[in-house]
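Residue numbering for the sequence shown is 0 to 175, as defined by numbering that gives the first Met the number 0. Think of the CB as a built atom: it goes at the ideal place given N, C-alpha and C, for glycine as much as any other residue. Computed from a predicted structure; not experimentally measured. A short write-up of the structure that comes next.
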Amino acid sequence: MSACPLKVKAQIIRIELSGGLQYFPGMTKKIGWDYNLAGRCMVTDNWFAAALIHGGFSRGTYPGVYANEAISLKHNQDASFMGVGAGYLHPVNDHLHAYAQLLGGWGAIETTGNPKQKIVTEIEGHEFKGFSAASVLGIDYYLPSSGIWGADVVIHYIDGHVMPSINLKYGINFDL
0 MSACPLKVKA QIIRIELSGG LQYFPGMTKK IGWDYNLAGR CMVTDNWFAA ALIHGGFSRG
60 TYPGVYANEA ISLKHNQDAS FMGVGAGYLH PVNDHLHAYA QLLGGWGAIE TTGNPKQKIV
120 TEIEGHEFKG FSAASVLGID YYLPSSGIWG ADVVIHYIDG HVMPSINLKY GINFDL
């Protein structure tokens, strides 16, 4: 009798690229874009170790005055996240799998501009770097060629902001 009830699986590694729309709270342009590089290593038939590198950006403007001239001032935000965690894969049928994962790691946000300040002498900014988290819910369609098409919803928590995104992705499985 084994002391560990988990059945260890032969190593399957996945690399995937994804991108889509991301919500940026507090920005003049609420909907921006995001892009992701993710990895997954199956450790049992259903459980996997996960890694995620995320970048997102929103580019907006607001009316203001700078150097005594009425202009459109930039209101930009860049968000990034690098995290690791665990996930669970649930087969729906032979080709379709649903999954959930939780990740923790390092996040950063850089914001330029402040729409509350209409007359500026210098562009105001804000930076955050520190612990952040993400959760992912998704669905994968397995192609016969080791490829995967899928979609997911990612909730990033960076600098106290909840920043959801919806993405389409493509990945490749590698059997070791």
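Check                                                                                                 : Outcome
Cβ neighbour criterion (16 or more within 10 Å) applied to G146                                       : exposed
Three-pair Cβ contact test at 8 Å for the stretch 146 to 164 versus the stretch 114 to 121            : no
According to DSSP, residues forming a beta bridge with Q21                                            : G31 and S164
Segment contact, 8 Å Cβ cut-off, at least three pairs: the stretch 83 to 90 with the stretch 37 to 46 : yes
Proximity to V83 [Cα-Cα], best of L175, H96 and Q100                                                  : Q100
Check whether Y22 and S164 have beta carbons under 9 Å apart                                          : yes
The beta strand (DSSP E) enclosing M81, as first and last residue numbers                             : E68 to P90
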